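Participant:
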Amino acid sequence: MVIHPPHRSLRLMLFTLRGSIVPVIWKRVLGMMLLSVAVVLLEHRLPRTGVELGAIPPTLMGLTLAIFLGFRNTIAYQRWWEARTMWGELLIVLRNLARQTLSLPADLAPQERERMVYRLIAFAHALRHHLRGTPSGDDVSRWLSPDDYAAIAGQPNPPNVLLGLIAQSYAQLHRDGRLDAILLASIDAQVTRASYVLGGCERIQNTPIPFAYILLLHRTVYVYCLLLPFCLIGSVGWVTPLMVGVLSYTFFGLDALGDQIENPFDRLPNDLPLDAMCRTIEIGLGELLGHRELPPPLLPVDGVLM
Amino acid sequence: MVIHPPHRSLRLMLFTLRGSIVPVIWKRVLGMMLLSVAVVLLEHRLPRTGVELGAIPPTLMGLTLAIFLGFRNTIAYQRWWEARTMWGELLIVLRNLARQTLSLPADLAPQERERMVYRLIAFAHALRHHLRGTPSGDDVSRWLSPDDYAAIAGQPNPPNVLLGLIAQSYAQLHRDGRLDAILLASIDAQVTRASYVLGGCERIQNTPIPFAYILLLHRTVYVYCLLLPFCLIGSVGWVTPLMVGVLSYTFFGLDALGDQIENPFDRLPNDLPLDAMCRTIEIGLGELLGHRELPPPLLPVDGVLM
Amino acid sequence: MVIHPPHRSLRLMLFTLRGSIVPVIWKRVLGMMLLSVAVVLLEHRLPRTGVELGAIPPTLMGLTLAIFLGFRNTIAYQRWWEARTMWGELLIVLRNLARQTLSLPADLAPQERERMVYRLIAFAHALRHHLRGTPSGDDVSRWLSPDDYAAIAGQPNPPNVLLGLIAQSYAQLHRDGRLDAILLASIDAQVTRASYVLGGCERIQNTPIPFAYILLLHRTVYVYCLLLPFCLIGSVGWVTPLMVGVLSYTFFGLDALGDQIENPFDRLPNDLPLDAMCRTIEIGLGELLGHRELPPPLLPVDGVLM
Amino acid sequence: MVIHPPHRSLRLMLFTLRGSIVPVIWKRVLGMMLLSVAVVLLEHRLPRTGVELGAIPPTLMGLTLAIFLGFRNTIAYQRWWEARTMWGELLIVLRNLARQTLSLPADLAPQERERMVYRLIAFAHALRHHLRGTPSGDDVSRWLSPDDYAAIAGQPNPPNVLLGLIAQSYAQLHRDGRLDAILLASIDAQVTRASYVLGGCERIQNTPIPFAYILLLHRTVYVYCLLLPFCLIGSVGWVTPLMVGVLSYTFFGLDALGDQIENPFDRLPNDLPLDAMCRTIEIGLGELLGHRELPPPLLPVDGVLM
Amino acid sequence: MVIHPPHRSLRLMLFTLRGSIVPVIWKRVLGMMLLSVAVVLLEHRLPRTGVELGAIPPTLMGLTLAIFLGFRNTIAYQRWWEARTMWGELLIVLRNLARQTLSLPADLAPQERERMVYRLIAFAHALRHHLRGTPSGDDVSRWLSPDDYAAIAGQPNPPNVLLGLIAQSYAQLHRDGRLDAILLASIDAQVTRASYVLGGCERIQNTPIPFAYILLLHRTVYVYCLLLPFCLIGSVGWVTPLMVGVLSYTFFGLDALGDQIENPFDRLPNDLPLDAMCRTIEIGLGELLGHRELPPPLLPVDGVLM
């Protein structure tokens, strides 16, 4: 996630590259501008060769593009925000489970409670690595007992198995008579919410926007930008390359932004900062455990929080 | 579901046919281009016959089309995504029920627990075949006891009957004193969620977008594309067939995509991969049963996951 | 509800009247075309009388219409879909209540269970007739005991009173010691959902889109179509009547479709098939009762399912 | 709420003032038309004074207006519909609470049950007057015992205090051993829903759309309409006043409608009919009490239901 | 939050600066107007220097801007409204918890109940200061016992820790035998809702709209406004500076409004009035405690409620 700068000077807003989509699309934009220069020169040397198309084609195509880009960015943003909301709910649910672990069961040793809370932290890390397809290293293992870790290592879906272990440990407390059935049901409701987060994140991760939409949009944007020089030269003449640059910057930019936002669990600059969120979970649960030495929040590197 | 290619080269994005809507609409687009060629030739041979209409008609019609196509694709996508969300919830609910089956009832033999979990897998397969109207073959029967299978075979709505059996088996555990009433209520809440998934999928399957919308949209797109050559020839001349090709590609494409997305349980390339999701359910529940030999995930065939 | 034809031939999509909005609006469209012919003739006989207005007025008005028609059809569709979702939930809830009636209470005679399930079917029919304002005939009475029917007949809101009877019969089972309080709470949650369906359907039925919106939209569409001939004649000449026909078809069509969809409980072709849904409920609950002779699903008449 | 006329004749739809926004905006529209007449006369007397601006300014501004009016009417309608949905839920919740009051507690005198149901009716009236800021007269007091009424009279938020009394009376039944804790929890869930309705209505009432949006929109609409005569005169000449009238009618109309819909608890014609809804609640709860003499539903006065 | 004036006179709506976005953007608008004057003078002195670009560039760019500004303001408003809804839910939840605290536990001294209700008020203040990053002063401490305050002071997330204390005090009542497990579960459900409010507000606070969208929008708006004088001068001549002023006012205004609304917890005029909402909570809970001397609601200062 790109961190918004604290002060938004005019210069920053107009010229910064950090957090901008420019690094992704500058080649395409430059290509279109060079094409425009060629068209202008051709028109200048050989006037009346008929390279002018007039404003009607881009006006008509612009309509389709408007539909498309609006539709596309809306659903991409909704995916991104739904993913963010689910990670927000994960934080909430894990805090609730920690709170319930600390207050509801009777006769439980503090170390045991701590162990159960640590397992919740491990769940967040396991989910993060599962979604990103990265090896978990010791992010997961250092919060788990060796037995627990052995049970989930190498499984196709570690957070799913870990959630099973978490649920069973609360059920065991009930069977041991240390947790009332009603309170177990309360806890179980939170575990169920965690399973919804897990399943919901997997849904977003595994189900991209139908590929045919993406293809149709990419192609329309390209054709539109390729047509622009021929359509603008008749009315704006030498300014054509500049205008083509501005217009293709916005269209390619919106298209590329949709691509980045659409898969919110990747590690591109505009994706979700799962590392930082896992750290927030560590802090929030440590706070509830009464720890006074808490790890610091993650800071952005080069303006980007991972 | 068309799998997005891992690397999106420019060439791929502009020219691939796989996952594209081109195979569905190329005839219509070609027809429009041939019509344009005829119009151009006619205009060339017999100038001033008055086949030119100018840009005003498509500009005015484009407005209606913009409303329509935006509206149509939005609701088609929402249906598709709601269907996907419900199958995602099915995975979650079945994992929860499996987890609860394994941890909550007391004094239950492992084989019996396994049998109950297998019945959940059968529910997913039965729902898939029910939605697609395909014969279930042994997809359902191999996860069920002969008695259970006999009870649902030939019924109008097998997953509905099967869910009734599932609910009754948990109620029986309660009557046998092996499941607390509160915990039965927790399980019942998940069974209720499964019934919402079943009913919700049937709702999408049985209630298409009102047909009059589809008709009105198809007709407007056709009339619009038929008008295009007459309206463009005055301003772009010989380039008319190319422009008509590009514009009719996008409009027919958006229209056809809406048709495919609208009924997400069909077996067209952009529909939901129910086969693969059922396999995911098999894996996720096998994992919770502690099985170490799990079936592999389904792989896409020709880039399409069914 | 108009049933989508199984095969969508080009000819069908372009020329069928069944399910189309054409029968509703053809008079208005024809009127506009006749007006256009008159304008064309006038212009031909008396050129330079100044009936031409140019393309600017419809371009500017089109904007408002675009806002309006998009907004209007979106909220009309949302009402239609919300109504459909609530009837889908009714099916789900009644299936759940039937399932719970069959499995949860102890020591209940099969006939008594059947009587309770039949009362659920009666609720669906009572709701249907209440929403449509039609006399219920024997649709309701044949599923009820004479006492029950006497209690609801002639009441202002029969489904509300019937739901009260249903809730009391479960409460009575609890008082008789045949139903655990927790399981009663589970059942009560489903009865509460049914009350939400009842209240939600009444809300849609009793609260149309604010009338001033409808009026403003109708008027704008009419003025727009009346202006069209004067604005198009300058650029398309003799083709004006055709163009006016096409444009007024789409605008009047979208407007009339919104009218039909907006009140989903009426008996127009594009409204919800409540008769068929009540039959589906009869089948689904009969299935759970283990009946082997089930009534057949309702079939569309002339392509329309009521 | 303006009641839709049963038959929508063409004449009614085009010329009725009842329920229309015309009475609110006719002065503004007339002013714009008079300005147009002045511009036309000026242009006729002193041609070439340069009052013509051409079509470009309104085309460009129309875009912003389109964004604005679409955005504004969508959120205004959502507020209106959310408010309507909450009052619909209030009806549902009060019917549920009445049903639960009549069936769940044991050993309760019928008069006492009736008193508790009457208190629910008083809550609806108290909420209505609280939202509208009107004195409650005897609408509230006649449904309450003198003690209850004394407790809420003069409080800043009477429905909040009344809901507290309602909740306490059910808790008292539990403490007296006449209501199982689980059933109290079921009732408490409905009381909680009522508190959500109360809080949600207050939220809509107290939080208007940010004022800067309203200001910016009003100003843009005014400037747009002021520019229209100068921009249209070049192309439509003497028809300018008519065109300006039509366009300013739609734009001022949409703007004014948004203002009315935005605050759904006011007493303007297009606001919610809270009086009638309270009466519906009286009827629905009386029906459940078994009363045979029910008050009649409120009827619209001059086509408007309050 | 800017309070809407009770009477909206025409003069007020057109010329007031209070609550308007004008103070934020007047420099930018003025700059664009000065540029326009320069362009007009240049064109007048040196005609045919080719500074005219014609209307095509802004028409094409306007499309992208329309997409962008509509998309941007919609999601900014949704964030603002979601934040408002969560604070509305906070009020509801705290009233419910107060009601439950006063009615459900048995054998609790009134002072103790009052102390528990005061802690709820402290939670609202702690959340407010946490979201705004302001020091809490005595807003929080005066509602808490010294022990409670010591436990949360200096923690990274005081409302999170305070909610833990609140949950534990109810659990303690259960362990002391003064609160039934089922009723504790009811209370716990409300505490869970409060944790959702806390987590949801943190989500909105910590996750701005992706920065690349904001950048792309700012830049497009600037380029669009910079182009305007060159594109308008050909058609409107000396009126160019006025037109540029009007258009840049609306575009810069919409852009700046989105910036303000997007972060609803800041202290800008159009942000949420958290101070006033905390006061409302104090009043609502005091009312339930039976206090007759309640603090007055906060009043707007200069038309703005903080």
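Residue numbers (the numbering used here), protein chains in the order written: chain A, 1 to 306; chain B, 1001 to 1306; chain C, 2001 to 2306; chain D, 3001 to 3306; chain E, 4001 to 4306.
Beta carbons are placed, not taken as given, at the ideal position from N, Cα and C, and that holds for glycine.
Note that the structure is predicted; figures quoted are calculated from it, not measured.
(1) The alpha helix (DSSP H) with M3001/D in it runs from where to where?
(2) Among the candidates Q1168/B, M1306/B, A1109/B and L1163/B, whose CA atom is the shortest distance from the CA of T1280/B?
(3) Just the Cα atoms here: how many angstroms apart are A3171/D and L2163/C?
(4) Determine contact between the stretch 1109-1126 of chain B and the stretch 1141-1149 of chain B, defined as no fewer than three beta-carbon pairs at a distance below 8 Å.
(5) With a threshold of 8 Å between beta-carbons, can M116/A be considered close to chain B, or not?
(6) Return the residue from the list V1304/B, Y1213/B and L1289/B that minimises the CA-CA distance to P2269/C.
(7) Where does E1293/B land, buried or exposed, given buried means 16+ other C-beta within 10 angstroms?
(8) Could you spell out where the alpha helix (DSSP H) holding E3293/D opens and where it closes?
(9) Examine the Cβ distances between the stretch 4240-4256 of chain E and the stretch 3188-3201 of chain D and report whether three or more of them are shorter than 8 Å.
(10) Under 7 Å Cβ-Cβ, which residues of chain A neighbour Y1077/B?
(11) Which residue or residues does DSSP assign as beta-bridge partners of V236/A?
(12) Just grab the DSSP bridge partners of V3301/D for me.
(13) Is it right to say G3177/D is buried, meaning 16 or more other beta carbons lie within 10 angstroms of its own, or is it exposed?
(14) What is the rounded straight-line gap between the Cα of M1032/B and the Cα of L2010/C?
(15) Could you give the first and the last residue of the continuous alpha helix (DSSP H) run that contains T3059/D?
(16) What are the boundary residues of the alpha helix (DSSP H) that includes Q4205/E?
(17) From what residue to what residue does the alpha helix (DSSP H) around S4169/E run?
(18) Determine the closest residue to H3291/D out of V2161/C, Y2249/C, T2250/C and G2245/C, with distance taken between C-alpha atoms.
(19) Ends of the alpha helix (DSSP H) at H2007/C?
(20) At the level of alpha carbons, what is the spacing between P2295/C and D2275/C?
(21) Nearer than 7 Å: is that true of the beta carbon of L3094/D relative to any heavy atom of the ligand MN?
(22) For D3180/D, is the classification buried or exposed, using 16 other Cβ atoms within 10 angstroms of its Cβ as the cut-off for buried?
(23) List, in chain order, every chain B residue whose beta-carbon is nearer than 8 Å to that of I67/A.
(24) Do you know offhand how far N2157/C's Cα is from W4081/E's?
(25) L150/A: buried (16+ other C-beta within 10 angstroms of its C-beta) or exposed?
(26) Helix, strand or coil, according to DSSP, for E52/A in the structure here?
(27) Closer than 6 Å by C-beta to C3201/D: which residues in its own chain qualify, once you throw out the five before and the five after it? Chain order, please.
(28) Quick check on T16/A: does DSSP put it in helix, strand or coil?
(29) May I ask you to verify whether the stretch 3054-3068 of chain D touches the stretch 4054-4066 of chain E, counting CB pairs closer than 8 Å and requiring at least 3?
(30) Answer yes or no: does any C-beta atom of chain D fall closer than 8 Å to that of S4036/E?
(31) In chain order, what residues of the same chain lie with their CB nearer than 7 Å to the CB of A1124/B, ignoring the 5 residues before and after it?
(32) Quick one: Cα of S4136/E to Cα of D4302/E, how far?
(33) Given R119/A, which residues of its chain have a CB within under 8 Å of its CB, disregarding the five upstream and five downstream residues?
(34) Is the shortest distance between the beta-carbon of D2188/C and the beta-carbons of chain B less than 8 Å?
(35) Return the CA-CA distance between I3067/D and P23/A, expressed in angstroms with no decimal places.
(36) Would D4259/E pass as an interface residue toward chain D - the criterion being a Cβ-Cβ separation below 8 Å?
Facilitator: To lay it out plainly:
(1) Unbroken run through M3001/D: none, as it is neither H nor E.
(2) Checked all of Q1168/B, M1306/B, A1109/B and L1163/B; the closest Cα to T1280/B is M1306/B.
(3) 25 Å
(4) A contact between stretches requires three or more CB pairs, one per stretch, nearer than 8 Å, and the stretch 1109-1126 of chain B meets this requirement with the stretch 1141-1149 of chain B.
(5) no
(6) Y1213/B
(7) With fewer than 16 Cβ atoms within 10 Å of its Cβ, E1293/B is classed as exposed.
(8) Careful: E3293/D lies outside any alpha helix (DSSP H) and carries neither H nor E.
(9) no
(10) Listed along chain A, the residues sitting closer than 7 Å to Y1077/B by beta-carbon distance are I75.
(11) Paired residues: none, contrary to the question.
(12) V3304/D
(13) So G3177/D ends up on the exposed side.
(14) Cα-Cα distance, rounded: 14 Å.
(15) I3056 to S3103
(16) A4181 to N4206
(17) P4158 to R4175
(18) V2161/C
(19) From DSSP, H2007/C is part of no alpha helix (DSSP H); its letter is neither H nor E.
(20) Near 13 Å, if we compare the C-alpha coordinates of D2275/C and P2295/C.
(21) Among the components of this structure there are no ligands whatsoever, and the ligand MN is therefore not found.
(22) D3180/D is buried by the Cβ-count criterion.
(23) A1066, L1069, G1070, N1073 and L1254
(24) 36 Å
(25) Sequence inspection shows Ala at residue 150/A; the Leu mentioned does not correspond to that position. So A150/A ends up on the exposed side.
(26) coil
(27) M3086 and L3131, listed in sequence order.
(28) coil
(29) yes
(30) no
(31) L1090, L1094, C1278 and I1281.
(32) 24 Å
(33) Contacts found: W143, L144, D148, L162, L165, I166 and S169.
(34) no
(35) 30 Å
(36) no
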